[in-house]
Amino acid sequence: MVQENRWFLRLIWTFCGIMLLSLFACSSSSQPSAPQPIEPTISAAKLGPTSTSPPPSPTPIPMNPTPTLIPIAPINDDDWSWGPDTALATLLVYCDFQSPYCVDLASVILDLAAIYPEDLRIIYRQYPLLTVHDKASLAGQAAESAGQQGQFWAMYSLLNSDYDEWKDLDPESFLDWLLVATKHLDLDHQQFEEDLRSKRFEESMKESFINAYDAGINGTPFIFLNEDWFRLNPTPLNLEAALRLELLSFRMYETPPEMAIDPEAAYLVHMQLNIGEVVLQLFPKSAPMAVNSFVFLAENGWFNGNPFHRVVPGKYVQTGDPTGTGLGGPGYFLPDEIDPGLDFNKPGVVALTSTGPNTSGSQFFITLSPLPELNETRTIFGRVVKGLDILLELEVRDPLEELLTPPQAYVESIRIEVK
Numbered sequence: 000m001v002q003e004n005r006w007f008l009r010l011i012w013t014f015c016g017i018m019l020l021s022l023f024a025c026s027s028s029s030q031p032s033a034p035q036p037i038e039p040t041i042s043a044a045k046l047g048p049t050s051t052s053p054p055p056s057p058t059p060i061p062m063n064p065t066p067t068l069i070p071i072a073p074i075n076d077d078d079w080s081w082g083p084d085t086a087l088a089t090l091l092v093y094c095d096f097q098s099p100y101c102v103d104l105a106s107v108i109l110d111l112a113a114i115y116p117e118d119l120r121i122i123y124r125q126y127p128l129l130t131v132h133d134k135a136s137l138a139g140q141a142a143e144s145a146g147q148q149g150q151f152w153a154m155y156s157l158l159n160s161d162y163d164e165w166k167d168l169d170p171e172s173f174l175d176w177l178l179v180a181t182k183h184l185d186l187d188h189q190q191f192e193e194d195l196r197s198k199r200f201e202e203s204m205k206e207s208f209i210n211a212y213d214a215g216i217n218g219t220p221f222i223f224l225n226e227d228w229f230r231l232n233p234t235p236l237n238l239e240a241a242l243r244l245e246l247l248s249f250r251m252y253e254t255p256p257e258m259a260i261d262p263e264a265a266y267l268v269h270m271q272l273n274i275g276e277v278v279l280q281l282f283p284k285s286a287p288m289a290v291n292s293f294v295f296l297a298e299n300g301w302f303n304g305n306p307f308h309r310v311v312p313g314k315y316v317q318t319g320d321p322t323g324t325g326l327g328g329p330g331y332f333l334p335d336e337i338d339p340g341l342d343f344n345k346p347g348v349v350a351l352t353s354t355g356p357n358t359s360g361s362q363f364f365i366t367l368s369p370l371p372e373l374n375e376t377r378t379i380f381g382r383v384v385k386g387l388d389i390l391l392e393l394e395v396r397d398p399l400e401e402l403l404t405p406p407q408a409y410v411e412s413i414r415i416e417v418k
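Here the sequence shown is numbered in numbering that gives the first Met the number 0, starting from 0 and rising by one per residue.
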């Protein structure tokens, strides 16, 4: 199922790369301009606005500006690994210890590894930019030497956390710094010093450089998330969003559920939030596929823990995405079900969000005021019969700006009552 759903994830990230955030431009040392912010209006119920933060440039090396990737070596026992082999997501990172952008990345990926200890594996491959950085080889050799003693990640942390102490040293002074700064590590220090002075791993650094260069990897950091080249700027927000979406892909479905509801029955949704209860009445006659999908997902726990990831006070609130990014969905799309007898002329309308015709999934929004401009554009599948007042109190929230901030409201559980 996961492989069949990767197209859905790639579709999300293709859209994301165009509208969400700046592309991670590995081929240039110049800083890309930041996209202009889009004010959150009701049309943004489709997806959120772009980021306003300009991404840092990767560290380039002089070569063809457009990488043409060839198949890279499969992950193997020679790679430096953090996290379980059974993890659902693997970040394969090519980095240079002297690259300031790799230093920025280090704290991000270690934080993610701590947040997702069972679901994330980090694979680190050395890519010392020998033609750019004077201490890249020596730093890499130090990590390799420490790794032979089971201390690669301790050295990784040291080189990154103390980067400002050694970044401006000449290579000879850097060697002296390494011998002193590593005294607290659990190393055979005599062997460590011998490895560095004899340049035991120098050829290994040259080989790492050549292998990455020949594969078309033209800058650092260079990242793969599972099977895909991660093209976005690797900020904490982008990587967190990507990881959440990747993990969601293992929960997706190939097709909409088979019809199981009774169109003649009355369906009430008791949606328990962390701030109170909201009760919805569903419209199975007007939107049978939407109601059937909602009931199926609710009964399978899809909505549990979902934040109200987008809040536009006075207009609408939106939920139904387990990732909280505003980009997640169940793996299938639903056809539009437009009932001309239903409209958005009052608050409390429950409708599916979409990115265009026939693109609805699990995300839905609840109106807080009349929004007649949406009439006949979205599938209305219910209304609020209790709890609209607590939704009216929610503060503005944009998922792409506040993804890393705990939501004010989220779904704890849903109970479907059929009469």
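Virtual Cβ for every residue (Gly too), placed ideally from N, Cα, C. Being a predicted model, the structure only gives us computed values, none of them experimental.
Assuming contact is defined by CB atoms lying nearer than 7 Å, are Leu137 and Asp95 in contact in what I supplied? no
Anyone know if the C-beta pair for Gln335 and Thr378 falls short of 7 Å? Just to set this straight, residue 335 is Asp in the shown sequence, not Gln. Yes, these two residues count as a Cβ contact at 7 Å.
Restricting to Cα atoms, I'd like to know which of Glu394, Phe229 and Tyr252 is closest to Leu242. Phe229
Which word fits Asp84, buried or exposed, when buried means at least 16 other C-beta atoms lie within 10 angstroms of its C-beta? exposed
With a threshold of 8 Å on Cβ separation, who are the neighbours of Phe363 within its own chain once the five nearest residues in sequence on each side are excluded? Phe293, Gln317, Thr318, Gly319, Val349, Ala350, Leu351, Thr352 and Phe380
Hey, out of Thr254, Ile337 and Ala88, whose CA is closest to Tyr115's CA? Ala88
Here's the rule I'm using: 16 or more other beta-carbon atoms within 10 Å means buried, otherwise exposed. How should Ser106 be labelled? exposed
Of all the options Pro283, Met251 and Asp261, which has the alpha carbon lying nearest to the alpha carbon of Leu296? Met251
Restricting to Cα atoms, I'd like to know which of Gln148, Gln280, Leu247 and Ile74 is closest to Lys418. Gln280
Do you know how far the Cα of Val268 is from the Cα of Glu276? 10 Å
Backbone CA spacing between Glu193 and Asp103 [nearest angstrom]: 30 Å
From Asp187 to Ala141, what distance separates their C-alpha atoms? 13 Å
Out of curiosity, what's the CA-to-CA distance linking Leu246 and Gly327? 10 Å
Given this structure, state the Cα-to-Cα distance separating Met258 from Thr322, to the nearest angstrom. 26 Å
Which full runs of the alpha helix (DSSP H) of 4+ residues lie inside the segment 188-267, going along the chain? 188-196, 201-213 and 235-247
Pick out whichever of Asp338, Asn305 and Ala72 has its Cα sitting closest to the Cα of Ser285. Asp338
Can you tell me which of Asn225, Gln125 and Ser203 puts its alpha carbon nearest to the alpha carbon of Tyr155? Gln125
Cβ neighbours of Ala86 in the same chain (closer than 6 Å, five flanking residues each side left out): Asp118, Leu119 and Arg120
How many Å lie between Ala240 and Arg396 at the Cα? 16 Å
Proximity to Ala419 [Cα-Cα], best of Leu402, Ala180, Glu164 and Thr130: Residue 419 lies beyond the range of the chain shown here (0 to 418); nothing can be said about it.
Tell me which same chain residues have a C-beta within less than 7 Å of the C-beta of Pro256, skipping the five on either side of it? Asn291, Ser292 and Phe295
Is Phe151 near Trp79, with beta carbons less than 7 Å apart? yes
Give me the Cα-Cα distance between Glu411 and Leu390, rounded to the nearest whole angstrom. 15 Å
Just how far apart, CA to CA, sit Lys198 and Trp165? 19 Å
Identify whether Leu399 lies in helix, strand or coil by the three-state DSSP scheme. helix
Would you kindly check if the distance between the Cβ of Phe332 and the Cβ of Met374 is under 7 Å? It is worth fixing the name first, because residue 374 is Asn in this sequence and not Met. Their beta carbons are not under 7 Å apart, which means Asn374 does not touch Phe332 by this criterion.
Extent of the continuous alpha helix (DSSP H) run through Trp176: Pro170 to Ala180
Judging by CA-CA distance, which residue of Leu184, Thr354 and Pro170 is the nearest neighbour of Lys134? Pro170
Anticipated Cβ contact below 8 Å, Glu143 with Ser203, distance rounded: 6 Å
Hey, out of Ser248, Glu253 and Phe282, whose CA is closest to Ala264's CA? Phe282
Rounded to whole angstroms, what's the CA-CA distance from Ser32 to Phe221? Just pull it up for me. A caution first: Ser32 carries a pLDDT of 29, below 50, which makes its placement in the model unreliable, though a value can still be read off. If you take the alpha carbons of Ser32 and Phe221, they lie about 20 Å apart.
Where Gln148 sits in the DSSP three-state scheme: coil
Report yes if the CB atom of Tyr409 is closer than 7 Å to the CB atom of Ile216, and no otherwise. no
With DSSP as the reference, label Ser42 as helix, strand or coil. Here Ser42 scores only 28 on pLDDT, less than 50, and its place in the model should not be relied on; the value that follows carries that caveat. Reduced to three states, the DSSP call for Ser42 is helix.
Any chance you could list the beta strand (DSSP E) runs of at least 3 consecutive residues sitting entirely within the segment 334-400, in chain order? 348-351, 363-366 and 379-385
In terms of alpha-carbon separation, which member of Glu226, Trp81, Thr358 and Leu168 lies closest to Ile108? Trp81
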